[in-house]
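Numbering (this note's numbering), first residue to last: 30 to 374.
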């Protein structure tokens with residue numbers, strides 16, 4: 030017990046021993062070992078830990094559970110922390126449903142967007158820690174990869190045909206956050222699909238129809254990278270130049286040893302940035318957010334192209350024909366490789 034961190038000592042005693050045994054161990058090792066779990070148990074009893082939609086629901090409490098009862102865990106295999114448990118991921122994936130373009134932004138759609146965001150976070154957490162990728166396996170088990178492709182095409186249609194018509198009204202009504210969630214939904218789906226299609230068996234699970242539609246979508250994003258990449262790179266370079274100038278001003282002031290000068294340079298930089306944002310209308314801010322999202326989506330689509338080409342032999346023959354003949358993706362990648370906007374962005 031003395032080798033354990035202070036926060037884990039009391040928990041180990043309370044979970045492994047009865048109340049009588051815990052009291053005897055406490056008398057030997059000192060009262061300090063149980064002072065903390067007693068406080069933590071009171072916090073748990075009175076709800077001291079705030080609950081919100083990102084809270085780990087299955088975090089074990091400090092209460093002693095009867096022998097033989099199931100004790101939920103906040104960690105997966107190998108002690109990897111999880112946002113939610115595999116059975117909760119199964120429930121979330123099973124509840125996913127297809128939405129039409131006309132339903133984008135509704136309450137039910139926003140609830141599913143939140144669920145997909147959390148599934149994406151958990152999937153990346155599991156992959157990063159080399160843990161059990163239960164989100165990926167659940168998506169394949171319930172055949173929901175086709176649904177992800179459907180949602181991707183639906184939100185693309187909304188961005189291209191609906192957003193230009195409603196963006197001014199959304200900006201005037203100060204609904205920019207809700208509009209940004211709708212736009213960012215596309216980036217979330219691309220990110221989640223990129224993680225799933227890293228595996229060959231996930232590419233096989235897509236099926237013929239969804240795989241062909243996904244290839245068509247990726248071809249459109251490659252065109253965006255080739256045509257609009259220069260503008261995006263210029264826009265990113267301007268933002269980088271502003272950050273570099275601000276950093277040089279701070280470093281120049283600090284090299285002179287003048288704290289007041291450093292504060293003055295920082296305040297000038299912040300003032301200029303504040304003035305630039307004040308001059309920006311709500312509509313311009315919403316358009317800038319839309320541009321940022323499509324840049325992320327196009328860069329993420331390049332990763333998806335790599336996985337599709339890597340696992341091309343495991344996919345239906347129609348997909349290979351689409352990649353090689355219809356879109357000729359190899360040629361589409363040439364301008365992206367010669368003038369890589371990804372590096373400059």
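Beta carbons: idealized from backbone N, C-alpha and C, even for Gly. Note that this is a predicted model, so its numbers are computed, not measured.
key: Other residues of its chain near residue 211: CB distance less than 6 Å, five sequence neighbours each side excluded   = 133, 134
Are there 16 or more other CB atoms within 10 angstroms of the CB of residue 217, so buried, or fewer, so exposed? buried
- Task: Using alpha carbons as the reference points, say which of 363, 354, 361, 346 lies closest to residue 240.
- Result: 346
With a threshold of 7 Å on Cβ separation, who are the neighbours of residue 177 within its own chain once the five nearest residues in sequence on each side are excluded? 218, 221, 222
Check your understanding: Can you tell me the Cα-Cα spacing of residue 184 and residue 214, whole angstroms?
Key -> 7 Å
Item to complete: Identify whether residue 159 lies in helix, strand or coil by the three-state DSSP scheme.
Response: coil
Query - Limits of the alpha helix (DSSP H) - the one that residue 3 falls within - result: Nothing can be reported for residue 3, as the shown portion of the chain is limited to 30 through 374.
**Prompt:** Within this structure, are the beta carbons of residue 164 and residue 148 separated by less than 7 Å?
**Reply:** yes
Practice item. Go ahead and label residue 136 buried or exposed: buried means 16 or more other beta carbons lie within 10 angstroms of its beta carbon, across all protein chains shown. Key: exposed
Checklist line | Beta carbon of residue 174 nearer than 7 Å to that of residue 235 | finding: yes
Self-check item: Straight-line Cα distance separating residue 323 from residue 179
Solution: 18 Å
Report the residue from 306, 131, 247, 307 whose alpha carbon sits nearest the alpha carbon of residue 331. 247
- Could you round the C-beta distance between residue 196 and residue 312 to whole angstroms and report it? I think they count as a contact, below 8 Å. 7 Å
Worksheet item: DSSP three-state call for residue 366: helix, strand or coil?
Response: helix
Q. Would DSSP call residue 235 helix, strand or coil?
A. coil
Self-check item: Simplified DSSP state of residue 215, which is helix, strand or coil
Solution: helix
task = Round the Cβ separation of residue 205 and residue 315 to the nearest angstrom and send it over; I've been treating them as touching at under 8 Å.
result = 5 Å
- Looking at residue 349 and residue 362, is the spacing between their C-beta atoms short of 7 Å? no
Extent of the continuous alpha helix (DSSP H) to which residue 112 belongs = Per DSSP, residue 112 belongs to no alpha helix (DSSP H) and is neither H nor E.
Which listed residue (231, 200, 303, 140) has its alpha carbon closest to that of residue 170 = 231
| task | Go ahead and pull the three-state DSSP assignment for residue 310. | result | coil
Could you tell me the distance, in whole angstroms, from the CA atom of residue 152 to the CA atom of residue 208? 25 Å
Can you tell me whether DSSP reads residue 26 as helix, strand or coil?
-> In the structure as shown, the chain starts at 30 and stops at 374, and residue 26 therefore has no counterpart that could be examined.
Q) What whole-angstrom Cβ distance do residue 192 and residue 319 have, given they're in contact under 8 Å? A) 7 Å
When 304, 255, 263, 224 are compared against residue 157, the one with the closest alpha-carbon:
224
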